[in-house]
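**Student:** Numbering (this note's numbering), first residue to last: 38 to 196.
C-beta: ideal position from N, C-alpha, C; glycine also.
#1: Alpha carbon to alpha carbon, what distance is there between residue 155 and residue 109?
#2: Hey, could you find the ends of the beta strand (DSSP E) residue 86 is sitting in?
#3: If I follow the unbroken alpha helix (DSSP H) through residue 160, where does it start and stop?
#4: Under 9 Å between the Cβ atoms of residue 133 and residue 97?
#5: On the CB-based measure, 16 or more other CB atoms within 10 Å of its CB, does residue 59 come out buried or exposed?
#6: Using a Cβ-Cβ cut-off of 8 Å (strictly less than) and excluding sequence neighbours within five positions of residue 158, which residues of its own chain qualify?
#7: Measure from the alpha carbon of residue 76 to the alpha carbon of each residue in 146, 147, 167, 140, then state which is nearest.
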């Protein structure tokens, strides 16, 4: 069973009223993932938004055919699969559960319909979604700059 706290603990839903949270609960389901289980893969149809209840979820990006990099580690209260809120989009990454994890699964099209029916709900969710994405972009930019700073050709340019 999904509680209001399960939804309100997710950053993108913290500003919602109890009635709005109840509308999210109506379209949400709990789901468990085992250690090593793949939740979705790059290129898969993005139709579900996930909220981490417990455990850890890794978001991975393939660099080469033989090398995969973890670009995000998500814990309780964080969401992933937000591509499901951008109609007809496929996932750009792969999500894996490195340990037993519990998530809340929200049907993306049902959430989009709820946001269309209640524009205030839609505004609040998208506002938080933009804040979340901006934070993730900042973290990835920092990761990128750190990686560049160790590249030998960068040091040659400094000299």
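**Tutor:** With the structure as the only source:
#1: For the purposes of this step, residue 109 is taken as residue 72 along the chain shown, with counting starting at 1. For the purposes of this step, residue 155 is taken as residue 118 along the chain shown, with counting starting at 1. Their Cα atoms are separated by approximately 31 Å.
#2: Residue 86 sits at position 49 when you count from the first residue of the chain shown. Looking at the DSSP string, the run of the beta strand (DSSP E) that includes residue 86 is 85–91.
#3: Here residue 160 refers to the residue found at position 123 of the chain shown. Unbroken alpha helix (DSSP H) run through residue 160: 156–186.
#4: In the chain shown, the residue the question calls residue 133 occupies position 96. In the chain shown, the residue the question calls residue 97 occupies position 60. Yes.
#5: Position 22 of the chain shown, counting from 1, holds the residue named residue 59. Exposed is the call here.
#6: The sequence position of residue 158 within the chain shown is 121, counting from 1. So the qualifying residues of the chain are 53, 57, 60, 151, 152.
#7: Translated into positions along the chain shown, residue 76 becomes position 39. Residue nearest to residue 76 within the set 146, 147, 167, 140 is 140 (criterion: CA-CA distance).
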